[in-house]
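J.: Adding 4 to a residue's 1-based position in the sequence shown gives its number in the working numbering.
The C-beta atom is built at its ideal place from N, Cα and C for all residues, glycine as well.
Below is a structure I'd like to ask you about.
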Amino acid sequence: MPDGWNATPGTGDVALTSTGPDGMSVRVTIARTDLDPGGAFLRYATDLRTANPGAKVTVTAAQFCGYSSQLLSGTNGGAGANEFADRITHIWTNTQAYLVAIHLEGPGKAPGFEAAKSTLMQQFAVTIP
């Protein structure tokens, strides 16, 4: 977590939420999926755009220890729009697959957004029980 952010454990598919300075927030979800990586990523991006009509999204492939992963970034559209960044990763096990999503959002041009994005969009530890 970036310095100065407060994390709160989540429930259900939401692993945690966190708030930072200047109206920024992050949500980490871990959701079971029956889709392959491409299908899970497409559904996530579609859901993101449905929830944010007019959003402009840029997608970049991201390497992640043998797992499929993408970085999404963009704005929710309009003047003074929120910026967002997502790291989505398809994690498979011998019995189930999961889509892990880290979603950062903040007011457009919020000071510290790029630093928070750099910290939150890094690779993360995966522990499979």
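In whole angstroms, give me the CA-to-CA distance for G24 and G42.
T.: When rounded, the distance between both Cα atoms is 31 Å.
J.: Between the segment 116-128 and the segment 34-51, do three or more beta carbon pairs fall short of 8 Å?
T.: No, the segment 116-128 is not in contact with the segment 34-51.
J.: Is it a yes or a no for the segment 20-35 touching the segment 101-110, going by three-plus beta-carbon pairs under 8 Å?
T.: Yes, they touch.
J.: Determine the DSSP secondary structure at F45, reduced to helix, strand or coil.
T.: Looking at F45 - three-state DSSP - the assignment turns out to be helix.
J.: Buried or exposed: which applies to K113, given that a residue is buried once 16 or more other Cβ atoms fall within 10 Å of its Cβ?
T.: Classification for K113: exposed.
J.: If contacts are defined as beta-carbon pairs under 8 Å, then Q127 and F88 qualify, I think. What distance do you get, rounded to the angstrom?
T.: Actually they do not touch by this definition, with Cβ atoms about 20 Å apart.
J.: Check whether the Cβ atoms of R53 and L75 sit closer than 7 Å, and answer yes or no.
T.: Contact: no.
J.: May I have the straight-line CA-CA distance separating T79 from V61, to the nearest angstrom?
T.: Looking at the two C-alpha atoms, the distance is approximately 7 Å.
J.: Kindly list the residues whose CB is nearer than 6 Å to the CB of T93, restricted to its own chain and excluding five residues on each side of it in sequence; keep chain order.
T.: So the qualifying residues of the chain are F68, Y71, S73 and V104.
J.: For N4, which residues in the same chain have their Cβ closer than 6 Å to its Cβ, ignoring the five residues on either side in sequence?
T.: The structure shown has nothing for residue 4, since the chain only spans 5 to 133.
J.: Using a 10 Å radius around the Cβ and a threshold of 16 neighbouring Cβ atoms, would you call A59 buried or exposed?
T.: With 16 or more Cβ atoms within 10 Å of its Cβ, A59 is classed as buried.
J.: Restricting to runs no shorter than 3 residues, where is the beta strand (DSSP E) found entirely within the segment 94-131?
T.: With a minimum length of 3 residues, the continuous beta strand (DSSP E) runs that stay inside the segment 94-131 are 101-111.
J.: Any chance you could list the beta strand (DSSP E) runs of at least 3 consecutive residues sitting entirely within the segment 55-86, in chain order?
T.: Qualifying beta strand (DSSP E) stretches, in chain order: 60-68 and 71-79.
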